[in-house]
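Colleague: Taking my numbering, I'd label the letters of the sequence shown as residues 3 to 201.
Positions of the beta carbon are idealized from the N, C-alpha and C atoms, including for glycine.
None of the values given here were measured: they were computed from a predicted structure.
First the structure, which I've put down as structure tokens, then a few questions once you've had a look.
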Amino acid sequence: MLAPPVQRLVTELSKLPGVGGRTAQRLAFHILRQTPQDAFALADAIREVKEKIGLCEICFNLAEGPRCTICQDERRDMSVICVVEEPGDVIPVERTGEYRGRYHVLGGALSPIDGVEPEDLKVAQLYARCESEEITEVVLATNPTTTGEATALHIADGLRLRRPELVVTRLASGLPVGGDLEYADEVTLGKALAGRRAV
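This is the structure in structure tokens:
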């Protein structure tokens, strides 16, 4: 039904996460309606990001060059590492303005069912950083999912074996600000109770 170049564009767009066939088709028609300059600017931006962006040699965050901007920043606290699953997880932590340490991006989470083992992630590199650098605390900020929890527990055990004196912490989880108790699920409410603190 569609011309082959348009069908190819729809097929490629539908490979994006969260983009189904209909959305891909709408995006393709939107691109066709754009001016050639706008469409080529999008294509150039995609090409440029694939050519110029790689992983930081220290923390495995996205970087233009050998090191990311956070690892280059000498004002950051070099004694604290925040462990996240993906480069996109660094952004919300940075937005809080509460964290001034460095990061370590694992590149995913443990999931034996999907064939993701510790060797497939940057876990060994994290252990090497903790053994060679003057690290005093590791903050485990993996997602509060089954795979994220399993990853955090695995890393915590590995760090305790290698550096028993190292402080290993986990992000608190529980009720969101402004949330009602009646709408909280049992797991979230349980985490909130377990993580309660004195006032």
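Name the one or two DSSP bridge partners that D79 has.
Modeller: To locate residue 79, count along the sequence shown from 1; it is residue 77. DSSP lists G103 as partners of D79.
Colleague: Assign E87 to one of two classes, buried (16 or more other C-beta atoms within 10 Å of its C-beta) or exposed (fewer than that).
Modeller: Here residue 87 refers to the residue found at position 85 when the sequence shown is read from its first residue. When all chains shown are included, E87 counts as buried.
Colleague: Hey, V107 and I157 are a contact pair by Cβ (cut 8 Å); roughly how many whole angstroms apart?
Modeller: Counting from 1 along the sequence shown, the entry for residue 107 is found at position 105. Counting from 1 along the sequence shown, the entry for residue 157 is found at position 155. Contact doesn't hold; Cβ gap of about 13 Å is too wide.
Colleague: Going along the chain, which residues of its own chain have a beta-carbon closer than 6 Å to the beta-carbon of V12, five neighbours each way excluded?
Modeller: Counted from its first residue, the sequence shown places residue 12 at position 10. Same-chain partners within the cutoff: A26, Q27 and A30.
Colleague: Do you know how far the Cα of S175 is from the Cα of T71?
Modeller: Along the sequence shown, read from residue 1 onward, the residue named residue 71 stands at position 69. Along the sequence shown, read from residue 1 onward, the residue named residue 175 stands at position 173. Straight-line Cα distance between these residues: approximately 29 Å.
Colleague: Please name the residue in I115, L142, D116 and E136 whose C-alpha comes closest to that of V125.
Modeller: Position 123 of the sequence shown, counted from the start, is the residue given in the question as residue 125. Ranking the options by Cα distance to V125, first place goes to L142.
Colleague: Helix, strand or coil for C202 per DSSP?
Modeller: Examination of residue 202 is not possible in this model, given that the chain is present from 3 through 201 alone.
Colleague: Would you mind giving the Cβ-Cβ distance between V140 and V95, rounded to the nearest angstrom? I have them listed as a contact below 8 Å.
Modeller: Residue mapping note: residue 140 aligns to position 138 of the sequence shown, counting from 1. Residue mapping note: residue 95 aligns to position 93 of the sequence shown, counting from 1. 14 Å between Cβ atoms; not a contact.
Colleague: R236 and E133 look like a contact to me (Cβ under 8 Å); what is the Cβ gap, rounded to whole Å?
Modeller: Coverage of the chain is limited to positions 3 through 201, which leaves residue 236 absent and any answer about it impossible.
Colleague: Alpha carbon to alpha carbon, what distance is there between I83 and G197?
Modeller: Residue mapping note: residue 197 aligns to position 195 of the sequence shown, counting from 1. Residue mapping note: residue 83 aligns to position 81 of the sequence shown, counting from 1. Roughly 22 Å separates the two Cα atoms.
Colleague: Decide if Y105 is buried, meaning its Cβ has at least 16 other Cβ atoms within 10 Å, or exposed.
Modeller: Stepping through the sequence shown from its first residue, residue 105 is reached at position 103. Flag for Y105 reads buried.
Colleague: When you compare only the Cα positions, how much space is there between A47 and R24?
Modeller: Residue numbering aside, residue 47 sits at position 45 when the sequence shown is read from its first letter. Residue numbering aside, residue 24 sits at position 22 when the sequence shown is read from its first letter. So the two alpha carbons sit approximately 24 Å from each other.
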